[in-house]
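Residue numbering for the sequence shown follows the numbering used here, starting at 1 and increasing by one per position. Glycine is no exception: its CB is placed at the ideal position from the N, C-alpha and C atoms. The structure appears right after this line, and notes come after that.
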Amino acid sequence: MIELQLYRPGKGKSTNKQELKKASKLSAQLLGNYLLGQGLTPDYVFYSECKPASSASTSALRTSAEKCCKVMGYPINEIRRVDSPFFLDEEKFMEFLLVASGNNIHSKKKVLLVADKATLKRVVLGLLKNIKCKITFARNSLLRLDVNTSGGSDSKTVCASQTSAPLHLGQLPKTFAYPTPASKEQRLRPAYYYNQSAAIPYRTGENGLEVMLVGSSGHFHKGIPKGIIDPGLSACESAEKEAWEEAGVKGKIKKKALGSFQYQKWGAQCSVEVFSLAVSEVCDEAAWLERHRGREWLSVASACELIKYKQLIPFLHQLEKTI
1 MIELQLYRPG
11 KGKSTNKQEL
21 KKASKLSAQL
31 LGNYLLGQGL
41 TPDYVFYSEC
51 KPASSASTSA
61 LRTSAEKCCK
71 VMGYPINEIR
81 RVDSPFFLDE
91 EKFMEFLLVA
101 SGNNIHSKKK
111 VLLVADKATL
121 KRVVLGLLKN
131 IKCKITFARN
141 SLLRLDVNTS
151 GGSDSKTVCA
161 SQTSAPLHLG
171 QLPKTFAYPT
181 PASKEQRLRP
191 AYYYNQSAAI
201 PYRTGENGLE
211 VMLVGSSGHF
221 HKGIPKGIID
231 PGLSACESAE
241 KEAWEEAGVK
251 GKIKKKALGS
261 FQYQKWGAQC
271 SVEVFSLAVS
281 EVCDEAAWLE
291 RHRGREWLSV
301 ASACELIKYK
311 QLIPFLHQLE
321 KTI
């Protein structure tokens, strides 16, 4: 028997359907928090949609799956896309179930499927015909089913039973245990959000040492590439990733951190490890995904004047002394 967890996530942004709205991101994270806390962490995670996914960017469904999985500690590189033809008939659906269960339909595995409304209707109304109740498939909702074959392991007839009523994620507490799922302290964001890393991109030339500052996403202040350390990445790897995403630069990162600093966000203190990155490649403006931020090479003195987090100034001076 397989527990099939069917999740219809929230909306993408009206300006970019590939990006999730803030509330939709939170709902996906709350789902991960709920599944983790209830001992329902899936063994396999899939996402599917009726329309072909854009090759240029990750779909909102994939992003929803990633947000959920990060909270649970499920490796995002193991999330798989499954094409909707698998849900057109029972034989195809059996193929999907066999893949999802590691070729053992009776393996008692938990499978999370993140999908749009049309795909979920195919699964429940088209394939699992013995479910008689009306299911609306509201956004930000979860439906859990126990799925099996009606006969032996060679049977191609699928049967299912509903384990509980559909759960709307808006009913869940909007906080996360910190620092572990068993902890009593509650925070506004998942525990891993409060551990971050940053990179100081630098170069040397005719003007001496220069560091790159980037604008914040809202254009309110200047800073260095900085972000949450995603589960599965080291602080150094995450800093390197942020440098490419936020500043469009690559290079050699020094694995030993310059140090760390703290700042307040999401109702608690975030800790940030800071690394230096010797830039060897700057991507073209057109290829830089976060070009709306803007970027600028500056002397250390100018950077110290403009940078928002003044806790970074000692690291800039430290870099100046060692380069």
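Under the three-state reduction of DSSP output, R62 falls in the helix class.
Annotation for Y193: I228, W266 place their beta carbon closer than 7 Å to its own, counting only its chain and skipping 5 residues before and after.
Selection I76, E49, A28, V45 evaluated against P231 yields I76 as nearest (Cα-Cα).
In the displayed model, T119 falls within a helix according to three-state DSSP. Pairing R203 with V279 gives a Cβ-Cβ distance under 7 Å.
Residue pairing for E273: DSSP places it in a beta bridge opposite S197, S260. In the structure shown, the three-state DSSP call for W297 is strand.
Taking all protein chains in view, the Cβ of R80 is surrounded by fewer than 16 other Cβ atoms within 10 Å, so the residue is classified as exposed. Rounded to whole angstroms, K67 and E206 show a C-alpha spacing of 44 Å. Out of L142, P181, G170, the CA that lies nearest to the CA of T163 is found in L142. Using a 10 angstroms sphere on the CB of T322, the tally of other CB atoms stays under 16, which defines it as exposed. Pairing I200 with S276 gives a Cβ-Cβ distance under 7 Å. With contacts defined as CB atoms closer than 7 Å, A247 and R295 qualify as a contacting pair. Between L169 and L6, the C-beta spacing is not below 7 Å. Sorting E305, D83, S64 by C-alpha distance to the C-alpha of K222 places E305 at the top.
Within the DSSP bridge table, the entry for A278 names Y202, K252 as partners.
By the criterion of a C-beta distance shorter than 6 Å, I313 is surrounded in its chain by C304, once the five residues flanking it on both sides are discounted.
In this structure, DSSP gives C236 a helical state, which the three-state scheme calls helix.
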